[in-house]
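Participant: Quick one: the structure is below, questions incoming.
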Ligand SMILES: [Zn+2]
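In our numbering, the protein residues as written are 8 to 170.
Next up, the structure:
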C-alpha cells in the first residue's frame, strides 16, 4: 500500500472496477498524481476531519481518460484529472453527508469546486478540489458549486438544490 496521507492510499483512490473489467491500467500520470497530492488528498483529509474523524468509504476517485469514457463520464469531469472523489460514510445517508458539506462550504471552512449529491447509478457524494489555476501554497479559487444530480453521469444537475 502507498499512503498518500494518514487516511488515504493510492490504491483506494485509483481502484476502478471498470478498469479491471476492461484490463486497463488505471495508474495516474505524474501531473494527475500531483493534483491528488497537492489538492485532492489534503482536501479529503480536511473534509474527513470536519465530518467527525470517522471512516470515509471511497467508491471511485481517479479514472484515467479511457476509463472515464467507458463509464459515460463527461470529458470535463474532474475524475480524469484526479481532482474528484465519490464516497459515502457508513451510518449516514449521502443526502445528509452532502447537506453537512454544503454547510461547511457556506461557512468557508473548506474550498470545494463542485459538491454533487449523485443518486444514480450509485448513491454517493461527489466532491472535487480543482483549485482553478491556483498554485500549491496559494488559496484555492474553487468555485463552491453545490448540486443534486438524480439521473446519473451526463444528466442535468440542479445547482440550486443546497442554496
Ligand atoms: Zn464523481
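Built from N, CA and C at the ideal position, the CB exists for glycine as well.
Would you report the Cα separation of residue 43 and residue 155, rounded to the nearest angstrom?
Facilitator: Residue 43 sits at position 36 when you count from the first residue of the chain shown. Residue 155 sits at position 148 when you count from the first residue of the chain shown. Rounded to whole angstroms, residue 43 to residue 155 spans 24 Å at the Cα level.
Participant: What number of angstroms, rounded off, separates the C-alpha of residue 114 from the C-alpha of residue 107?
Facilitator: The residue you call residue 114 lines up with position 107 of the chain shown. The residue you call residue 107 lines up with position 100 of the chain shown. Rounded to the nearest angstrom, the two C-alpha atoms are 11 Å apart.
Participant: Less than 8 Å between the CB of residue 123 and some heavy atom of ligand 1, yes or no?
Facilitator: As a first step, residue 123 is located in the chain shown; it is residue number 116 there, counting from the start. Checking every heavy atom of ligand 1 against the Cβ of residue 123, one is found closer than 8 Å.
Participant: With DSSP as the reference, label residue 93 as helix, strand or coil.
Facilitator: Translated into positions along the chain shown, residue 93 becomes position 86. Correct three-state label for residue 93: strand.
Participant: So, residue 91 versus residue 135, is the Cβ gap smaller than 9 Å?
Facilitator: Locating residue 91 in the chain shown gives position 84, where the first residue counts as 1. Locating residue 135 in the chain shown gives position 128, where the first residue counts as 1. Yes. Within cutoff.
Participant: Give a yes or no on whether the C-beta atoms belonging to residue 63 and residue 57 are separated by under 9 Å.
Facilitator: Working through the chain shown from its first residue, we reach residue 63 at position 56. Working through the chain shown from its first residue, we reach residue 57 at position 50. Not a contact, by the Cβ cut-off of 9 Å.
Participant: Just to confirm before moving on: does the CB-CB distance between residue 94 and residue 48 stay below 9 Å?
Facilitator: Within the chain shown, the letter at position 87 stands for residue 94. Within the chain shown, the letter at position 41 stands for residue 48. Their beta carbons are not under 9 Å apart, which means residue 94 does not touch residue 48 by this criterion.
Participant: Which ranges does the alpha helix (DSSP H) cover as unbroken runs of at least 4 residues, wholly within the stretch 83-134, from first to last along the chain?
Facilitator: Within the stretch 83-134, the complete alpha helix (DSSP H) runs of at least 4 residues are 101-113.
Participant: Based on Cα-Cα distance, which residue from 10, 130, 105, 12 lies nearest to residue 67?
Facilitator: Here residue 67 corresponds to residue number 60 of the chain shown, with the count starting at 1. The shortest Cα separation from residue 67 among 10, 130, 105, 12 belongs to 130.
Participant: Taking 8 Å as the cut-off, does the CB of residue 93 come closer than this to any heavy atom belonging to ligand 1?
Facilitator: As a position in the chain shown, residue 93 is number 86, starting the count at 1. Yes, since a heavy atom of ligand 1 falls inside the 8 Å radius drawn around the Cβ of residue 93.
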